[in-house]
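Read through the structure below, which is laid out as structure tokens, and then see the notes.
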Amino acid sequence: MPEKYGIIGYPLMHSLSPFMHNRYAYYMGQKESYEAFEILPERLSEDIKKLHDESVLGLNVTIPYKQKILNCICDIDECAKKIGAVNTLKYTDAGYVGYNTDAEGLKLSLMEAGISLKDKDVLILGAGGAARAAAYVSSVSGCSSISVLNRTLEKAILLAEDFEADAFDYSSLNKISKPEYIVFQTTSVGMYPDVNAMLPVPESLYSRFSAGIEVIYNPKETAFINSVSKTGAKIINGFSMLVNQALASRLIWHPEQTIPGEIRRKVYNECSDYSWS
Ligand code: NAP
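The sequence shown begins at 3 in our numbering and counts up one residue at a time.
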């Protein structure tokens, strides 16, 4: 019997994870099945127990369960606890242990692009789950400061309290005053199908970006990426984080493995070419 893995969420129509993990398994010569398990909100704890009873060895967790799953796990690792969200589960006899690999995915993407956060000023657009992963990476990478800019100031303040950051909303843009920023775009603005939507960030702020890291992967080139590329700043797209957070999940499930760069590049290219239709 192949080992069983999968992703839980609701709805799950547009998840790239089964394709991506099946490609990783294929190139690594592993016999495993990776399925999408769409779970209704009212059945979450019951269905997680069922997947555990069926010895599903690893799961990815996506919207809307990254926080709700905290009630269904037997333990949580330190990074996931600090971020306050879980996107990866690993089977143990006692139940599933929760991890967060969004942060590790971002860290790997930054390394691959040759971008260091050490002593840099970081600006995070958004204050949701992806923003918390970006704040975590920034703080453990020794950045100089973190500024969080969010539509809802209260959420920016909550994040700022946890990561010693400064919180802003769009009415206080003039207070974002460092000469240069590495910027994480972590909002869902610009995501398919509303691909032309843009945050109310003025051109003058874009000109102070030394690098722009986008978390949205559909479309491949977002309005944010297009605007940053006009300034000549370095860019990381959302596919990079997606492929790397999947890789980090696989290393939690198979700690003995090393996944060669060549395989990572192949999976990245195949995901980039993936047809969403
Ligand atoms: P989330 O927790 O729901 O947070 C969404 C954020 O977007 C919030 O800060 C929200 O602001 C902001 N936002 C939404 N609509 C807005 C609007 N019209 N104007 C201004 N701000 C708006 O979501 P998440 O889990 O962080 O995910 C965010 C994005 O990251 C999604 O597109 C997701 O697919 C992507 N993601 C990608 C990866 C990857 O591997 N590439 C991993 C994780 C997530 P308010 O607080 O004001 O509502």
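A virtual CB, placed ideally from N, CA and C, is assigned to each residue, including glycine.
### Query
Considering only residues of the same chain and omitting the five flanking positions on each side of Ala-115, which have a CB-CB separation below 7 Å?
Correct list, in chain order: Lys-236 and Ile-238.
### Message
Per the DSSP calculation, Asn-62 is bridged to which residue(s)?
### Response
Looking at the DSSP assignment, Asn-62 forms a beta bridge with Ile-9 and Thr-90.
### Task
Apply the 10 Å Cβ neighbour rule to Thr-189 and answer buried if 16 or more other Cβ atoms are within range, or exposed otherwise.
By the C-beta density criterion, Thr-189 is buried, having at least 16 other C-beta atoms within 10 angstroms.
### Message
For Ala-82, report the span of its alpha helix (DSSP H) as first-last.
### Response
Per DSSP, the unbroken alpha helix (DSSP H) holding Ala-82 starts and ends at 80-85.
### Query
Tyr-208: which of Asn-220, Ile-184 and Val-197 sits nearest, CA to CA?
Measuring from the Cα of Tyr-208, the nearest candidate turns out to be Ile-184.
### Inter-residue Cα distance where the pair is Leu-253 and Ile-117
Ile-117 has its alpha-carbon roughly 23 Å from the corresponding atom of Leu-253.
### Query
What first and last residue would you give for the beta strand (DSSP E) that runs through Leu-72?
Boundaries cannot be given for Leu-72, as no beta strand (DSSP E) includes it and DSSP labels it neither H nor E.
### Query
Since Val-99 sits in a beta bridge, which residues does DSSP pair it with?
DSSP links Val-99 through a beta bridge to Asp-77 and Lys-92.
### Task
Return yes when the C-beta of Asn-198 is under 8 Å from any heavy atom of the ligand NAP, and no when it is not.
For Asn-198, the distance from the CB to the nearest heavy atom of the ligand NAP is not below 8 Å.
### Query
Going by other Cβ atoms of all chains shown within 10 Å of its Cβ, with 16 needed for buried, is Arg-134 buried or exposed?
Classification for Arg-134: buried.
### Query
So, using beta-carbon positions, are Gly-8 and Leu-46 closer together than 9 Å?
It is not a contact, given that the beta carbons lie outside the stated cut-off.
### Task
Determine the DSSP secondary structure at Glu-34, reduced to helix, strand or coil.
Three-state DSSP puts Glu-34 in a strand.
### Meets three-Cβ-pair contact criterion under 8 Å: the segment 209-224 and the segment 71-81
Verdict: no, contact absent.
### Query
Given that a residue counts as buried once 16 or more other Cβ atoms are within 10 Å of its Cβ, and exposed if not, what is Met-113?
That one is exposed.
### Message
For the ligand NAP, I want to know if Lys-68 counts as a neighbour, meaning its beta carbon is within less than 8 Å of at least one of the ligand's heavy atoms.
### Response
Taking the Cβ of Lys-68 as the reference point, at least one heavy atom of the ligand NAP falls within a distance shorter than 8 Å.
### Message
In whole angstroms, give me the CA-to-CA distance for Asp-77 and Glu-272.
### Response
Going by the C-alpha atoms only, they are around 34 Å apart.
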